[in-house]
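To start, the structure itself, in structure tokens.
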Ligand SMILES: [Fe+2]
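In full-length UniProt numbering, the protein residues as written are 1 to 291.
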């Protein structure tokens with residue numbers, strides 16, 4: 001087994017490990033520590049069955065079934081299939097997921113803390129995933145902006161990214177927007193947060209999953225989003241994950257910005273995704289009941 005830091009800013013990479021190696025306590029501890037300290041862990045080329053992937057996920061927390069049932073794995077509801085491939089003429093998963101910079105599910109009140117992807121069928125020439133550390137983004141904010149953003153609240157929404165579905169045909173744009181606000185209420189998070197493991201500060205929010213910074217006027221919002229986009233997308237700081245077959249990629253959702261890049265036409269790509277909830281809260285509850 002070989003372990004290396006991917007860039008000075010983000011990521012730890014493990015090579016030469018199989019499932020049986022990874023579940024050995026001393027190896028698993030290094031992986032968990034890597035996720036906590038480096039935000040992102042890549043295990044190169046590890047063959048996994050869906051059950052083994054779910055098993056690994058359950059060692060980090062509780063795998064959560066994907067909200068849209070038709071995109072769940074036919075046998076394992078915890079796995080969401082991200083794919084542009086078809087079986088017959090039916091899509092086997094969701095295509096074009098996350099093709100903009102974001103932190104996973106920041107538009108919900110309590111986003112699951114970890115995401116895990118397994119590259120089941122992945123081209124190496126396109127369909128890369130780019131990552132940037134939200135801790136590093138915070139560190140690079142100009143001091144005046146750090147002062148302006150301290151104690152600010154970010155208003156998050158999925159509204160900019162919702163897809164028009166067949167039942168929306170006939171709605172006016174205003175009606176559609178009103179419906180979004182009812183079905184997906186905006187949520188608020190502090191704009192600058194502290195990582196619970198490392199104590200490091202990070203920016204929580206992105207243009208595509210945010211409505212605004214509470215109290216900012218439209219010009220201030222635009223200035224903030226433009227600054228943020230520039231910091232996130234700085235190629236000097238971005239890690240581009242070029243997939244190889246069976247890569248396993250795990251990240252902390254709050255401190256990791258990422259984007260899926262386009263897949264070239266005519267090329268199939270399938271990734272199995274598991275979203276992982278924290279179990280700490282429940283463990284605490286159980287302990288309290290025991291006392
Ligand atoms: Fe994502």
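For every residue, glycine included, the Cβ atom is placed at its ideal position computed from N, Cα and C.
{"Check": "Rounded Cβ spacing between residue 42 and residue 13 (contact assumed at less than 8 Å)", "Outcome": "5 Å"}
{"Check": "Buried or exposed by the 16-neighbour rule on C-beta atoms within 10 Å, applied to residue 173", "Outcome": "exposed"}
{"Check": "Span of the beta strand (DSSP E), counted from its first residue to its last, around residue 121", "Outcome": "114–121"}
{"Check": "Secondary structure of residue 253, DSSP reduced to three states", "Outcome": "coil"}
{"Check": "Proximity test, residue 125 beta-carbon vs ligand 1 heavy atom, cut-off 7 Å", "Outcome": "no"}
{"Check": "Presumed contact (8 Å Cβ cut-off) between residue 84 and residue 268, rounded CB distance", "Outcome": "6 Å"}
{"Check": "Boundaries (first-last residue) of the beta strand (DSSP E) holding residue 43", "Outcome": "40–43"}
{"Check": "Rounded separation between residue 50 and residue 76 - CA only", "Outcome": "7 Å"}
{"Check": "DSSP bridge partner residues for residue 248 (one or two, in chain order)", "Outcome": "43 and 118"}
{"Check": "Assigned secondary structure, residue 35 (DSSP; H/G/I helix, E/B strand, else coil)", "Outcome": "helix"}
{"Check": "Residue 248 beta carbon less than 8 Å from that of residue 48", "Outcome": "yes"}
{"Check": "Contact shell at 6 Å, judged by CB to any heavy atom of ligand 1, ordered along the chain", "Outcome": "98, 102, 104 and 258"}
{"Check": "Residue of 253, 258 and 245 minimising C-alpha distance to residue 118", "Outcome": "245"}
{"Check": "Neighbour-count burial assignment, residue 215, 16 or more Cβ in a 10 Å radius", "Outcome": "exposed"}
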